[in-house]
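Here the sequence shown stands for residues -25 to -1, 1 to 89, where the numbers follow mature numbering (1 follows the signal peptide of the UniProt record, and there is no 0). By construction, the Cβ of each residue, glycine as well, lies at the ideal position given by its N, Cα and C atoms. As the structure is a prediction and not an experimental result, all values here were calculated from the model. Read the structure below first, then the notes.
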Amino acid sequence: MRSILAVLAAVALALVFFFVGQAPAGDPDAGEALASGCASCHGGDGIAAVDRYPSLAGQNGEYLFQAMKAYQNGNRRGGQATVMHGQVSGLSEQELRDLAAYYAEMPRTGAKED
């Protein structure tokens, strides 16, 4: 019985990796065109000038995408969630991926150390 469960768990994990790998990649150039609405809080270079807002430059692209999806779906709360929901609610999944790719490829130069 345990071996069957182990096999099922392995198959499920393989399917997750397969479908995650099938997600369309983001286009950093398209993301740059969308990023003007982000700059007032997150900085034109992806480095926030105010500690209240996170710097996005050099962040993991998948993390950024998932965070924006959570704001869009209303699953992320607290802090600036209401503002972020308004910023991303009209964007498609591909546009979110494009933004994530744009910020992920930016250098973290100038980022504040914690």
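Item                                                                                                                            : Value
For glycine 18 and alanine -1, what's the separation of their Cα atoms in angstroms?                                            : 24 Å
Using CA coordinates, which residue listed in Ala32, Ala14, Ala56 and Gln47 is at the minimum distance from leucine 66?         : Gln47
For threonine 84, which three-state DSSP category applies?                                                                      : coil
How would you write the range of the alpha helix (DSSP H) that aspartate 20 sits in, first residue to last?                     : Looking at the DSSP string, aspartate 20 is not in any alpha helix (DSSP H), and its letter there is neither H nor E.
How about glutamine 34 and tyrosine 78: do their beta carbons lie closer than 8 Å?                                              : yes
What does a CB cutoff of less than 7 Å around alanine 32 pick up in its chain, not counting 5 residues either side in sequence? : Asp20, Gly21, Ile22, Tyr78, Met81, Pro82, Arg83 and Ala86
Determine the DSSP secondary structure at glycine 65, reduced to helix, strand or coil.                                         : coil
Quick one: what's got a C-beta closer than 7 Å to glutamate 7's C-beta in the same chain, skipping five residues either side?   : Tyr77
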